[in-house]
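Comments concern the structure below.
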Amino acid sequence: MPNPEPIGVTNDGTLELHAPLAPDSLDLMPDDVGRKIPVTVQSTGLRVEVPELPPGSDVLDPGDITVFYWYWDTTLFATKRLEAPYDESDLPDVDAVVPSHLMDVAGLHSLRYGVVLRESSSNPTVSSFITLLDSDKEGPNRGQRGSRLRFAAVIDAEGVTDEYLDNPANGDRVIGTIDPLWLDARLGDIVTGYLTQLPFRKPARKRNRRLDVVATTVITQEHKDGIRPVELHFRGDDLRRLKNVEYNAHYYLKDRSGRESGPSLTAPLLINLTPTPTELRAVQIPQLADGLINLDDAREKPDGVYMQILQVFGAAAGDFLHPFWDRIELSSIRIAEIQAWPINVPIPYSKLASGGYEYTPGVIRAEYNWRRGTAPARPSVTRFVPVDLTVAGNVSPDNPDPINRLLPVVTVKGRDGDNQLSVNDEGLQVRVVTLLYDDPKPGELLELMAGTLATPIAEYEVKLGDKAGKQIEWFVEWAIIELLGGGLVPFFYWTFNGVNRQRARDTQVLINIIPIVGLKDLEYVGVTYGPGPDAGFISCPLRPWVNGVGVKIPGDESRLAWGDEVKLHWASYAHPAGFSGAVIPETIHTFTHTLTGNEHRDGYTFQVPFVPYIKAPGLVEPAPGKTEPRHGSAVSRYQVIKPVGAGMGYSGRRLVYIKLTRLAGQPPCLSDD
1 MPNPEPIGVT NDGTLELHAP LAPDSLDLMP DDVGRKIPVT VQSTGLRVEV PELPPGSDVL
61 DPGDITVFYW YWDTTLFATK RLEAPYDESD LPDVDAVVPS HLMDVAGLHS LRYGVVLRES
121 SSNPTVSSFI TLLDSDKEGP NRGQRGSRLR FAAVIDAEGV TDEYLDNPAN GDRVIGTIDP
181 LWLDARLGDI VTGYLTQLPF RKPARKRNRR LDVVATTVIT QEHKDGIRPV ELHFRGDDLR
241 RLKNVEYNAH YYLKDRSGRE SGPSLTAPLL INLTPTPTEL RAVQIPQLAD GLINLDDARE
301 KPDGVYMQIL QVFGAAAGDF LHPFWDRIEL SSIRIAEIQA WPINVPIPYS KLASGGYEYT
361 PGVIRAEYNW RRGTAPARPS VTRFVPVDLT VAGNVSPDNP DPINRLLPVV TVKGRDGDNQ
421 LSVNDEGLQV RVVTLLYDDP KPGELLELMA GTLATPIAEY EVKLGDKAGK QIEWFVEWAI
481 IELLGGGLVP FFYWTFNGVN RQRARDTQVL INIIPIVGLK DLEYVGVTYG PGPDAGFISC
541 PLRPWVNGVG VKIPGDESRL AWGDEVKLHW ASYAHPAGFS GAVIPETIHT FTHTLTGNEH
601 RDGYTFQVPF VPYIKAPGLV EPAPGKTEPR HGSAVSRYQV IKPVGAGMGY SGRRLVYIKL
661 TRLAGQPPCL SDD
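Okay, structure coming up:
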């Protein structure tokens with residue numbers, strides 16, 4: 001509403017109070033007498049406000065009460081009070097609502113309020129200026145049906161033809177005229193035109209909300225003055241969508257308050273055009289059956305996400321369909337002489353994800369246009385499609401491939417080494433680790449998978465406070481490992497954010513849990529075990545400083561085979577009995593060889609170097625005044641590992657004494673000199 005007139009005090013001292021405000025009423029038009037009350041407000045109540053504080057309120061004593069009386073015509077409908085001191089921020093406390101029943105009476109009504117500045121005084125109520133309001137209860141044309149639309153004579157005679165619409169003089173439209181103008185026409189009245197296919201199933205009493213508005217005009221002063229006719233323009237594009245049958249053209253009238261009259265009397269309008277599609281149905285998206293397009297849909301074979309254009313009735317060979325996904329135009333389709341329906345339109349992943357839906361879910365539009373020749377394209381009904389391509393972890397540069405090379409891989413911690421499981425791990429929980437991906441969110445899952453098992457073998461749920469780079473652990477029961485068999489078994493994990501999954505690359509884990517039993521004892525080449533002072537010793541007569549010492553793995557065709565890996569585990573001790581507390585750390589070593597040729601039958605000999613494996617324990621002797629240790633020793637055994645997890649086993653441990661010292665006064669034997 002505009003600002004009220006200035007307020008002050010008249011010459012005789014009488015207060016002049018501003019007219020009240022009704023913010024939901026409509027602004028005055030030049031032909032309005034009062035401010036119109038919208039229909040929606042008439043049924044719910046009209047808000048009214050006092051625009052400014054009454055003069056003199058600033059000199060009231062604390063505790064004085066000012067009374068405001070609200071009147072609709074002569075009816076008091078609300079009384080409000082303010083206690084001094086107060087200011088303009090307190091004015092909302094004296095706002096009121098005109099009850100709906102007072103607005104049930106049609107016509108003009110005066111709204112005012114009265115003020116008693118100090119309730120305890122005997123002063124009379126001072127009234128404000130009025131605001132005139134119009135409670136409109138009748139639609140335009142006094143609520144009656146309007147006259148028939150008038151069309152050009154050629155339209156009445158031939159109907160709407162291609163020739164008529166293509167004539168530049170007609171502007172690709174058909175004009176319906178309302179003449180004469182209804183007597184109570186007001187500025188802002190709205191005329192909405194419709195076309196209803198005949199025959200009617202029942203008389204038109206109410207507006208069909210599924211019927212499209214095809215023409216609209218708003219009444220101006222030129223219409224009221226007779227300078228400009230009231231016309232409804234039925235556009236060629238709208239008419240071409242219709243079937244070639246007779247329609248009834250009619251209209252409704254609505255004033256600014258929302259009161260409606262109609263429908264008008266009907267005028268026949270024949271559509272007599274070259275047939276074109278009358279309905280362009282929304283596309284179908286099979287993957288949308290669950291209400292969402294996600295990465296699983298994008299990974300479907302053969303083409304991922306696609307939409308289907310249902311049969312376009314009325315289309316002809318040579319017409320074009322232009323599909324759109326998220327307002328991105330896809331490849332055009334030319335309708336063939338014999339067209340198979342529906343038409344599948346694949347959505348490339350680059351288009352599917354182009355709106356940033358790998359990072360934030362969204363809703364896109366799926367639709368298409370139909371076009372014939374040079375005529376304007378006509379749009380189908382739009383399908384709204386929720387899309388969520390977000391994942392737990394880094395977004396893969398290779399989407400929609402489920403394997404994300406940016407995700408850290410797993411490491412399986414076996415007793416024999418990383419990514420190896422053997423009989424040494426039997427019966428124990430297996431620990432599997434990885435590093436947590438970037439930007440983890442609580443509740444996301446990491447699902448550990450192995451081999452061909454269809455379900456996760458362990459899970460980890462991201463917790464509040466987990467950070468990128470944290471080491472994540474899974475513990476897998478041995479009974480599950482046994483289900484995987486032997487050989488190289490892939491381990492990986494899926495991430496899951498509640499919508500989509502993606503997975504890390506495989507870690508190949510060698511599982512070798514078939515035991516090889518009965519392996520023959522190894523042999524220390526040249527070491528004798530008969531009577532004599534050097535029995536069981538690696539000592540000076542063997543001259544180990546030349547080529548070290550040979551350790552032979554005996555041939556065994558029943559247990560060894562070409563391609564087996566043989567590992568010799570060696571450790572030397574500063575003690576004659578291989579006491580673990582006396583191990584010489586630098587001599588702990590594993591020698592490795594893969595059997596070739598006939599070595600599985602004839603055996604294979606490892607050469608253990610002189611330094612430090614023989615020399616270090618060989619120089620062990622008692623400290624002065626001591627008798628122990630008299631000499632050093634070594635303990636070794638060998639391990640056989642068959643390819644691709646076909647078996648693994650250990651030989652027994654075997655002790656050998658080592659002594660390079662000689663009688664007192666003689667140096668140790670370290671060379672031939």
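According to the UniProt record's numbering, the stretch in the sequence shown is residues 1 to 673, in order.
Note that the Cβ used here is the ideal one computed from N, Cα and C, for glycine as well.
Being a predicted model, the structure only gives us computed values, none of them experimental.
With 16 or more other CB atoms across the displayed protein chains lying within 10 angstroms of its CB, residue 661 is buried.
Sixteen is the threshold: since fewer than 16 other Cβ atoms of the shown chains lie within 10 Å of the Cβ of residue 101, the residue is exposed. Less than 8 angstroms separates the beta-carbon of residue 161 from that of residue 273.
Residue pairing of residue 366 in beta bridges, as defined by DSSP: 325, 383. Taking C-beta atoms under 8 angstroms as the contact rule, residue 656 and residue 527 qualify, at a distance of about 6 angstroms. Taking the C-beta atoms as reference points, residue 588 is found no nearer than 8 angstroms to residue 573. Counting only the Cα atoms, residue 140 lies some 36 angstroms from residue 79.
Per the C-alpha coordinates, the member of 317, 45, 500 positioned closest to residue 277 is 317. In the structure shown, the three-state DSSP call for residue 166 is helix. Across the structure, residue 536 and residue 569 are spaced so that their CA atoms are roughly 19 angstroms apart.
Taking a cut-off of 8 angstroms for Cβ pairs, the segment 421-431 and the segment 476-489 touch, as three or more such pairs fall below it. With respect to residue 433, residue 280 sits apart: the two C-beta atoms are not nearer than 8 angstroms.
Residue 483 counts as exposed, since fewer than 16 other beta carbons sit within 10 angstroms of its beta carbon. The Cβ-Cβ distance between residue 149 and residue 171 does not fall below 8 angstroms. A residue is called buried once 16 or more other Cβ atoms fall within 10 Å of its Cβ, and residue 266 is buried on that count. Across the structure, residue 409 and residue 492 are spaced so that their CA atoms are roughly 7 angstroms apart. Bounds of the beta strand (DSSP E) holding residue 413 are 411-414. Annotation: residue 192 to residue 215 spans about 6 angstroms, alpha carbon to alpha carbon. Residue environment for residue 303: exposed (fewer than 16 other C-beta atoms within 10 angstroms of its C-beta).
With contacts defined by Cβ atoms closer than 8 angstroms, residue 322 and residue 392 do not form a contacting pair. For residue 349, the three-state secondary structure derived from DSSP is helix. Nearest neighbour of residue 315 by Cα position, chosen from 300, 335, 308, turns out to be 335. Taking C-beta atoms as the reference points, residue 114 and residue 71 count as a pair closer than 8 angstroms. Contact between residue 575 and residue 632 holds, since their C-beta atoms are separated by about 7 angstroms, short of 8 angstroms. Remark: C-beta atoms of residue 269 and residue 352 do not approach each other more closely than 8 angstroms. Here residue 232 is bridged, per DSSP, to 176. In the three-state reduction of the DSSP assignment, residue 153 falls in the helix class, which pools H, G and I. The segment 17-31 makes contact with the segment 116-135; the number of CB pairs closer than 8 angstroms reaches 3 or more. Using a Cβ distance threshold of 8 angstroms, residue 234 and residue 174 count as a contacting pair. Here residue 472 is buried, its C-beta having at least 16 other C-beta atoms within 10 Å. By the C-beta density criterion, residue 142 is exposed, having fewer than 16 other C-beta atoms within 10 angstroms. The three-state secondary structure of residue 40, taken from DSSP, is helix. Put simply, the backbone Cα of residue 116 is about 20 angstroms away from that of residue 97. In this structure, residue 309 lies away from residue 286, with their beta-carbon atoms at least 8 angstroms apart.
By the C-beta density criterion, residue 601 is exposed, having fewer than 16 other C-beta atoms within 10 angstroms.
Membership of residue 67 in any alpha helix (DSSP H) is not indicated; the residue belongs instead to the beta strand (DSSP E) covering 65-72.
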